Amino acid sequence: MKLPNNLRKKRGFLELKYGKYWVAWNPYHSKLAAYVLGKGNHWPFAKESTVLYLGAAEGNTVSFLSKICIEGRIVGVDISPTAMAELIVLAEKEKNIIPFLGDAHFPRTYQPHANIPDILYQDIAQRDQLDVFIRNYLFFKPKCGFLMIKSRSMPGKDEDIFDTVENKLKTEFNNVEIIDIRKWAKGHKAYYVQ
Ligand SMILES: C[S@@+](CC[C@H](N)C(=O)[O-])C[C@H]1O[C@@H](n2cnc3c(N)ncnc32)[C@H](O)[C@@H]1O
């Protein structure tokens, strides 16, 4: 992918242009940065994009998306009250972040906030992470989605798990891109689907 004007690679890191400055975006802390450095081909995030982010945690990746989708909205869902406390602090500074304390198994509970998102992003590292993603995708019908799979959260051998995930995604979606990000995020692959 030709990087958009507000992203560049520098010394093994990614950088995001924000205002006059380039801010380092660490691929060891953000699987989305790892996806780009791993030569991912899709970058649907635009100024006006709306993103439903499942597994927002304290908001590391969300904070970058909020700078990119500056006129859009990032709805950050997380089940952990501790993580949510930090996400709320971030949302007080960045007006396009909507934090939601909730469980990604229940899309109906955050539908009033998420409406119809352009992009579904999920990084929850749970045993049923694949089913949760498909359930949310079918429920919200976004234009595209990113799924970060942690093989170690599922039973079985890494390669068998990734094979199962890939076969299932290929039956559900027309377009499935697979990016190995294990260099930056232990036991993870990133999937873009449409
Ligand atoms: C690996 S962390 C996410 C890191 C984050 N995506 C980032 O890049 O900054 C996984 C998060 O998923 C959350 N999580 C786990 N199960 C969840 C569920 N069922 N619903 C919502 N969030 C969940 C955890 O609380 C945790 O904060």
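Residue numbers (our numbering): 23 to 216.
Every residue gets a Cβ at the ideal spot worked out from N, C-alpha and C, and that includes glycine.
None of the values given here were measured: they were computed from a predicted structure.
From the DSSP output, which residues share a beta bridge with W44? The residue labelled residue 44 in the question sits at position 22 within the sequence shown. Note: W44 sits in a beta bridge opposite K39.
7 Å Cβ shell around L191 - same chain, five flanking residues per side excluded: What you label residue 191 is simply residue 169 of the sequence shown in a count that begins at 1. Hits under 7 Å: V198, Y213, V215.
So W206 and P49 are in contact, right, with Cβ under 8 Å, and what is the actual spacing, rounded? The residue you call residue 206 lines up with position 184 of the sequence shown. The residue you call residue 49 lines up with position 27 of the sequence shown. Taking a contact as a CB-CB distance under 8 Å, the pair W206 and P49 counts as one, their CB atoms being some 4 Å apart.
May I have the straight-line CA-CA distance separating D100 from A107, to the nearest angstrom? Stepping through the sequence shown from its first residue, residue 100 is reached at position 78. Stepping through the sequence shown from its first residue, residue 107 is reached at position 85. Rounded to the nearest whole angstrom, the C-alpha separation of D100 and A107 is 10 Å.
Going by DSSP in three states, E114 sits in which element: helix, strand or coil? The residue labelled residue 114 in the question sits at position 92 within the sequence shown. Helix.
Cut-off 6 Å between Cβ atoms - residues of its own chain near M176, not counting five sequence neighbours on either side: The residue given as residue 176 occupies position 154 in the sequence shown. Closer than 6 Å at Cβ, skipping near neighbours: R149, I183.
For K24, name the three-state secondary structure that DSSP assigns. Within the sequence shown, numbered from 1, the residue matching residue 24 stands at position 2. In the structure shown, the three-state DSSP call for K24 is coil.
Does the Cβ of R174 have 16 or more other Cβ atoms within 10 Å, making it buried, or fewer, making it exposed? Against the sequence shown, residue 174 aligns to sequence position 152. Residue environment analysis places R174 among the exposed positions, since fewer than 16 neighbouring C-beta atoms fall within 10 angstroms of its C-beta.
Please work out which residues of its chain come closer than 6 Å, Cβ to Cβ, to L54, disregarding the five sequence neighbours upstream and downstream, and give them in chain order. Against the sequence shown, residue 54 aligns to sequence position 32. If we look at L54 and ignore the five residues flanking it on each side, its Cβ neighbours are T83.
Closer than 7 Å by C-beta to A79: which residues in its own chain qualify, once you throw out the five before and the five after it? Chain order, please. Counted from its first residue, the sequence shown places residue 79 at position 57. Cβ neighbours of A79 beyond the five flanking positions: D100, A105.
Could you check where the beta strand (DSSP E) with K172 kicks off and where it finishes? Sequence index remark: in the sequence shown, residue 172 carries index 150 (1-based). Element bounds for K172: 166-172.
8 Å Cβ cutoff met for G98 and T72: In the sequence shown, counting from the first residue as 1, residue 98 sits at position 76. In the sequence shown, counting from the first residue as 1, residue 72 sits at position 50. No. Outside cutoff.
Looking at C-alpha atoms only, which residue of N196, G60, A126 is the closest neighbour of F35? Walking along the sequence shown from the start, residue 35 turns up at place 13. The shortest C-alpha separation from F35 is found at G60.
Considering P134, what are the terminal residues of the alpha helix (DSSP H) in which it resides? Here the question's residue 134 lines up with position 112 in the sequence shown. Counting along the chain, the alpha helix (DSSP H) containing P134 begins and ends at 129-136.
Three or more beta-carbon pairs under 8 Å between the region 143-162 and the region 113-122, yes or no? Using a Cβ-Cβ distance cut-off of 8 Å, the region 143-162 and the region 113-122 are not in contact, since fewer than three pairs of beta carbons, one from each stretch, lie closer than that value.
So is the beta-carbon of I183 under 7 Å away from any non-hydrogen atom of ligand 1? To locate residue 183, count along the sequence shown from 1; it is residue 161. No.
So, under 8 Å CB-CB, I201 and K165 are touching, yes? Tell me the CB distance rounded to an integer number of Å. For the purposes of this step, residue 201 is identified with residue 179 of the sequence shown, where counting begins at 1. For the purposes of this step, residue 165 is identified with residue 143 of the sequence shown, where counting begins at 1. 19 Å between Cβ atoms; not a contact.
Is it true that the CB of F162 sits closer than 8 Å to the CB of P129? Here the question's residue 129 lines up with position 107 in the sequence shown. Here the question's residue 162 lines up with position 140 in the sequence shown. For P129 and F162, yes; Cβs fall inside 8 Å.
For F168, I'd like the list of residues in its chain whose CB is within less than 6 Å of its CB, leaving aside the five on either flank, ordered along the chain. Position 146 of the sequence shown, counted from the start, is the residue given in the question as residue 168. Excluding sequence neighbours, F168 sits near Y143, Y214.
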